[in-house]
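Scroll down for the structure; my scribbles are underneath it.
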Amino acid sequence: MAPAERKRLGRAAKAPMEAQGMAACDFGRQERREPRGPEGVPEGNNRVIDNYGEISSPGTFEEDVGNELQNMLESFEGDIKKVLHAKRKRFLMNTNASVKTINQKIEHVWKSQEEQRQKLYREYSQQFLTLFLEWDMGVQKTKEEEEKLANLFREQQKIFQQARIVQSQRLKKIKNVYGQLLKSMEELEKDHEHLLTDEQSKVRQEMAKLQNKIMLEAQQQELAMVRKSLQSLLF
């Protein structure tokens, strides 16, 4: 609870008690002013008879009422401090549990994303490896053919051109696969960002619900304490 709210609560609790104490004092003074009949105390006598039959002065009576009110206020303040301490302890425990849950969810998301990346890397790495091996084998074969057919260039020109076309197609295929890889990586990153954003939104909603629940419970406990204290003062 904020200091300003505690002050307002203290003043709200203190006002009825002060009013009760003033009413008691006014009632005592009114009794002293009322005539007691022929056998009553003389008009000039201001002494008051307490519950034990002892005679006490009006100043002592007012001091007793003030001391009783002071003790009740101190007891009320001690109860409020205990409630605030328990509420703060429970809030810290709930906060730590929420933070631990958030860390576990984030760690799970990161682990899942890392597994998906590794899976994607393995798939495309195998494809790249196969394509590069094929391309390297084709290059070696082309060189061999060029050496063998150096003297028969015109006759073997058709074969050479066909090999070039094949290499171009393979290179084009490599470029296409690389483009698919980039596109897949972008889509995967977007999916991960959306997933992380959704998780963060859910976590924020859970934290807001938890905070509202804690505040509601605290307000109910404070109202119950105030109601109980006021009832004990009035009755």
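Just so we're aligned, residue 1 is where the sequence shown starts under the UniProt record's numbering, counting upward by one. No residue lacks a Cβ here, since even glycine has one placed at the ideal position from N, Cα and C.
Residues near residue i by beta carbon distance below 6 Å, same chain, minus five either side
{"i": "Arg6", "result": "With a pLDDT of only 45 at Arg6, under 50, the local geometry of the prediction cannot be trusted, and the value read off the model is given with reservation. So no residue of the chain qualifies."}
{"i": "Val99", "result": "none"}
{"i": "Lys87", "result": "Ala218"}
{"i": "Glu74", "result": "none"}
{"i": "Leu223", "result": "none"}
{"i": "Pro38", "result": "Confidence at Pro38 is low in this model, with a pLDDT of 37, below 50, so its placement is unreliable and no value can be given for it."}
Proximity to residue i [Cα-Cα], best of the options
{"i": "Gln167", "options": "Arg154, Arg117 and Lys141", "result": "Lys141"}
{"i": "Met215", "options": "Tyr121, Asn151, Phe91 and Phe76", "result": "Phe91"}
{"i": "Gln162", "options": "Gly138, Thr60, Lys209 and Lys105", "result": "Gly138"}
{"i": "Gln126", "options": "Leu181, Ser201 and Asp64", "result": "Leu181"}
{"i": "Lys119", "options": "His194, Ser184 and Glu193", "result": "Ser184"}
{"i": "Arg117", "options": "His194, Asn176 and Glu187", "result": "Glu187"}
{"i": "Lys175", "options": "Ile165, His194, Phe128 and Glu77", "result": "Phe128"}
{"i": "Thr130", "options": "Phe153, Lys173 and Arg164", "result": "Lys173"}
{"i": "Thr101", "options": "Asn212, Arg227, Glu199 and Gln231", "result": "Glu199"}
{"i": "Tyr178", "options": "Tyr121, Asn96 and Thr60", "result": "Tyr121"}
{"i": "Arg164", "options": "Asn96, Lys143 and His85", "result": "Lys143"}
Residue-chain proximity (residue i, chain C), Cβ-Cβ < 7 Å
{"i": "Lys143", "result": "Reference to chain C is not applicable here, since this structure consists of a single protein chain."}
Contact set for residue i: own chain, Cβ-Cβ below 8 Å, skip 5 residues either direction
{"i": "Asn94", "result": "Leu210 and Ile214"}
{"i": "Asp79", "result": "Met225 and Ser229"}
{"i": "Glu155", "result": "Leu149"}
Close Cβ partners of residue i (< 7 Å) along its chain, the five nearest in sequence each way excluded
{"i": "Leu196", "result": "Val109"}
{"i": "Glu217", "result": "none"}
{"i": "Met207", "result": "Ser98"}
{"i": "Glu115", "result": "none"}
For residue j and residue i, believed in contact at Cβ under 8 Å, the rounded distance
{"i": "Val83", "j": "Gln221", "result": "6 Å"}
{"i": "Glu145", "j": "Phe160", "result": "7 Å"}
{"i": "Glu134", "j": "Arg170", "result": "6 Å"}
{"i": "His194", "j": "Gln113", "result": "Their Cβ separation, rounded to whole angstroms, is 12 Å, which puts His194 and Gln113 out of contact at 8 Å."}
Problem set entry | the stretch 104 to 112 / the stretch 199 to 206 touching (three or more Cβ pairs under 8 Å) | Cβ pair count under 8 Å is three or more, so yes.
For this session: Pick out the complete beta strand (DSSP E) segments inside the stretch 78 to 111, 3 residues or longer, and give them in chain order.
Result: Contiguous beta strand (DSSP E) elements confined to the stretch 78 to 111 do not occur, taking only those with 3 or more residues.
For this session: Could you pull out every unbroken alpha helix (DSSP H) segment of at least 4 residues lying fully inside the stretch 123 to 207, listed in chain order?
Result: Listed in chain order, nothing qualifies, since the stretch 123 to 207 has no complete alpha helix (DSSP H) run of 4 or more residues.
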